[in-house]
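Asker: In order, the protein sequence lines correspond to chains A and B. The working numbering puts the first residue of the first sequence at 356, with every later residue one more than the last. The working numbering puts the first residue of the second sequence at 356, with every later residue one more than the last.
2 protein chains.
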Amino acid sequence: MNSDALLKRPASASPAQKVRVPGKGVDASGKKLKKADITRVRILDAAAHVFRQKGYALTRISDIAKLARTQSSSIYYHFESREAIVEEVLRIANGRTRERVINAIGALPRDASVRDRIGAAIHGHLEIVLAGDHYIAAHIRIFDQLPADLRKRFLRVLDENAELWRTLLNEAQSEGMIRSDLDLSVIRQLLIGMMNWSVEWYRVGRLSPPQIADQIAVLFFDGVTKR
Amino acid sequence: MNSDALLKRPASASPAQKVRVPGKGVDASGKKLKKADITRVRILDAAAHVFRQKGYALTRISDIAKLARTQSSSIYYHFESREAIVEEVLRIANGRTRERVINAIGALPRDASVRDRIGAAIHGHLEIVLAGDHYIAAHIRIFDQLPADLRKRFLRVLDENAELWRTLLNEAQSEGMIRSDLDLSVIRQLLIGMMNWSVEWYRVGRLSPPQIADQIAVLFFDGVTKR
DNA sequence: GTCTATACATCGATAGAC
DNA sequence: GTCTATCGATGTATAGAC
């Protein structure tokens, strides 16, 4: 359940990232990883795992170190600080979520209806949120636990994902698909709320994520009322 | 924005609550409050405020003390520990929420339809959640930040409120009002998710809480699709 | 009931040997 | 790159005077 990180390396390196030279073979898509990179990923995986489980403030560097089978002090060779770790975890989580939703939409036939595309996006988002991916679960869980300044810095990147939904819903509206007594912005937040809150109550064994996504789609498009 | 706590005093006093004798005049409805009680409330108000703002783990006893215009050490005269404070804040928040929803339903005419009653409950819940009540906002914000054992202890009381919704939706279903392809339990969680997540994005100035409640009700009953 | 002082624990981060 | 040792800051909680 670990050992899979780096969606993309720090785009414009966070402020005080200890610069480690890429060497020769470390591309987003490349395969050659130096030892340091492997360790780095192991630390990130461990961090995501612990953040998800204990929340931000309760996560100790020593917890991460333990799970990553290394020493607290060794972590500081790979990351500048605890904040730098959490930043990277959030970055990766955001990237993965976005990527998944985009792919889900992209997998549809070119002439798919807006409704189908929104449906696909719901499935993509919900399934990755509930997939057990530590990065994403951690993201949702800890985001509002972050110190105010750190959170503020991330609102921008968070908004990139919101933009995606905004676009989808705008399209739906301009096709005349949406009731005119609804506020698009509120609707978007409600939909995202339903999906994200699901990590609070979802338990394996009952309905599967795709089944829950179906329920969300039904509720979102048609409501609970029998006709 | 403060100075209003105690919905009811600790029903079965939390395990290690420092017992303070009620004296003569301290009832849930009574008015005579001893100095200690007033201070206690001031501390709770301050705590709710800070918990809401900074989350659980980031809230320091000293933050609470400062806002309550007292000393960290003085707080320990009124509460056994930081956990005891948070427990009381949660208890009060739960009670208020429940009370509000029950009242909202109770205010309806006797023969109101289930749909109306669910609508009233949505309004009641959402409005108190967004009302700016620090206790309730704090509750929603910090609940999943709590240490596992503390959280577990509270699941029971939390479930009392869920029970309320469960009942409402069951009634609706037995009246044949709800699509048969929907899972009642999931629907309930989605509805609660929409409402609770709203504290994450609600900002004063745009739509008012009653307006948002209307949007939620529309979405919940009929979906976004124009007919 | 509230104050000052302080014990005691925890934890992030650094130093420096290997 | 990882280890041991340790500093320094912070924060909960207690002791005891007033």
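Even glycine gets a Cβ: it sits at the ideal position worked out from N, Cα and C. All figures in this text were calculated on a predicted structure; none of them were measured in a lab.
Terminal residues of the continuous alpha helix (DSSP H) containing B:Tyr490?
Answerer: Element bounds for B:Tyr490: 489 to 497.
Asker: So what does A:Ile533 bridge to, in DSSP terms?
Answerer: B:Thr580.
Asker: Does A:Ser540 have its Cβ less than 9 Å from a Cβ in chain B?
Answerer: It does; some Cβ of chain B falls within 9 Å.
Asker: In chain A, which residues lie with their C-beta within 9 Å of the C-beta of B:Asn551?
Answerer: Gly548, Trp552, Glu555, listed in chain order.
Asker: Taking Cβ-Cβ distances below 9 Å as the criterion, which residues of the stretch 514 to 537 of chain A are in contact with chain B?
Answerer: Within the stretch 514 to 537 of chain A, the qualifying residues are Leu524, Ala527, Gly531, Met532, Ile533, Arg534, Ser535, Asp536, Leu537.
Asker: Just verifying my parser: in three-state terms, what is the DSSP assignment at A:Gly474?
Answerer: It is helical.
Asker: Listed from N- to C-terminal order along the chain, which residues in the stretch 404 to 417 of chain A have their beta-carbon within a distance smaller than 7 Å of any beta-carbon of chain B?
Answerer: Answer in chain order: Gly410, Ala412, Leu413.
Asker: Taking just the CA atoms, how far does B:Lys409 sit from A:Pro502?
Answerer: Taking the straight line from one Cα to the other gives about 7 Å.
Asker: What separation, rounded to the nearest whole angstrom, lies between the Cα atoms of B:Val456 and B:Ala475?
Answerer: B:Val456 and B:Ala475: Cα-Cα distance of roughly 8 Å.
Asker: Taking a cut of 7 Å between CB atoms, which residues from the stretch 468 to 499 of chain A lie near chain B?
Answerer: Cβ contacts with chain B: Arg496, Asp499.
Asker: In chain order, what residues of the stretch 554 to 580 of chain A put their CB closer than 7 Å to some CB of chain B?
Answerer: Here the close residues are Glu555, Trp556, Leu562, Ile567, Gln570, Ile571, Val573, Leu574, Phe575, Phe576, Asp577, Gly578, Val579, Thr580.
Asker: I want to verify the contact list: residues of chain A whose CB lies under 8 Å from the CB of B:Leu445, in sequence order.
Answerer: Here the premise fails: no neighbours, minimum Cβ distance about 16 Å.
Asker: Please report the Cβ distance between A:Gly487 and A:Asn458, rounded to the nearest whole angstrom; I am assuming they are in contact, meaning their Cβ atoms lie under 8 Å.
Answerer: Not quite, the Cβ-Cβ distance comes to about 18 Å (not below 8 Å), so this is no contact.
Asker: Using three-state DSSP, classify B:Lys507 as helix, strand or coil.
Answerer: Three-state DSSP puts B:Lys507 in a helix.
Asker: With burial defined as no fewer than 16 other Cβ atoms inside 10 Å of the residue's Cβ, what is the status of A:Asp471: buried or exposed?
Answerer: Exposed is the call here.
Asker: Report all residues from its chain with a CB closer than 8 Å to the CB of A:Met550; omit the five preceding and five following residues, and keep chain order.
Answerer: The answer, listed in chain order, is Ile477, His480, Leu481, Val484, Ile571.
Asker: Which first and last residues belong to the alpha helix (DSSP H) in which B:Arg424 is found?
Answerer: Neither: B:Arg424 is in no alpha helix (DSSP H) and is coded neither H nor E.
Asker: For the structure I just gave you, are there three or more beta carbon pairs, one from the stretch 509 to 518 of chain B and one from the stretch 447 to 454 of chain B, closer than 8 Å?
Answerer: Flag = yes, the stretch 509 to 518 of chain B and the stretch 447 to 454 of chain B touch.
Asker: Taking 9 Å as the CB-CB cut-off, is A:Leu510 touching chain B?
Answerer: So no, A:Leu510 is outside the interface.
Asker: Measure from the C-beta of B:Leu545 to each C-beta in chain A and report whether the shortest distance is under 9 Å.
Answerer: So, interface residue.
Asker: Residue range of the alpha helix (DSSP H) that B:Val396 falls in?
Answerer: Element bounds for B:Val396: 390 to 409.
Asker: Hey, quick one: how far does the alpha helix (DSSP H) through B:Arg543 stretch, first residue to last?
Answerer: Unbroken alpha helix (DSSP H) run through B:Arg543: 539 to 556.
Asker: Using three-state DSSP, classify A:Gly560 as helix, strand or coil.
Answerer: In the structure shown, A:Gly560 sits in coil (DSSP, three-state: anything other than H, G, I, E or B).
Asker: For B:Thr425, which of B:Glu438, B:Ala412, B:Leu399 has the nearest alpha-carbon?
Answerer: When only C-alpha atoms are compared, the closest one is B:Leu399.
Asker: By Cβ distance below 7 Å, which residues in the same chain neighbour A:Val541 in space, the five residues on each side in sequence not counted?
Answerer: Cβ within range, chain order: n/a, list empty.
Asker: Between B:Gln500, B:Thr522, B:Lys390, which has its C-alpha nearest B:Thr414's C-alpha?
Answerer: Among B:Gln500, B:Thr522, B:Lys390, the Cα nearest to that of B:Thr414 belongs to B:Gln500.
Asker: Please tell me whether A:Ser436 has its Cβ less than 9 Å away from any Cβ of chain B.
Answerer: By this cut-off, A:Ser436 is not an interface position.
Asker: Exposed or buried, B:Gly578, counting other C-beta atoms within 10 Å across all chains shown (16 or more means buried)?
Answerer: With 16 or more Cβ atoms within 10 Å of its Cβ, B:Gly578 is classed as buried.
Asker: On the three-state DSSP scale, how would you describe B:Arg453?
Answerer: Here B:Arg453 sits in helix by DSSP.
Asker: Helix or strand or just coil, what does DSSP make of A:Leu501?
Answerer: Coil.
Asker: Can A:Trp552 and B:Trp520 be called in contact, C-beta distance under 9 Å?
Answerer: The answer is no: Cβ separation not under 9 Å.
Asker: So is A:Pro302 in contact with chain B if we call contact Cβ pairs under 9 Å?
Answerer: As shown, chain A starts at 356 and ends at 582. That puts residue 302 of chain A outside it, with no answer to give.
Asker: Please identify the residue among A:Tyr411, A:Ala412, A:Tyr431 whose C-alpha is closest to the C-alpha of A:Thr394.
Answerer: For the residues A:Tyr411, A:Ala412, A:Tyr431, the minimum Cα distance to A:Thr394 belongs to A:Tyr431.
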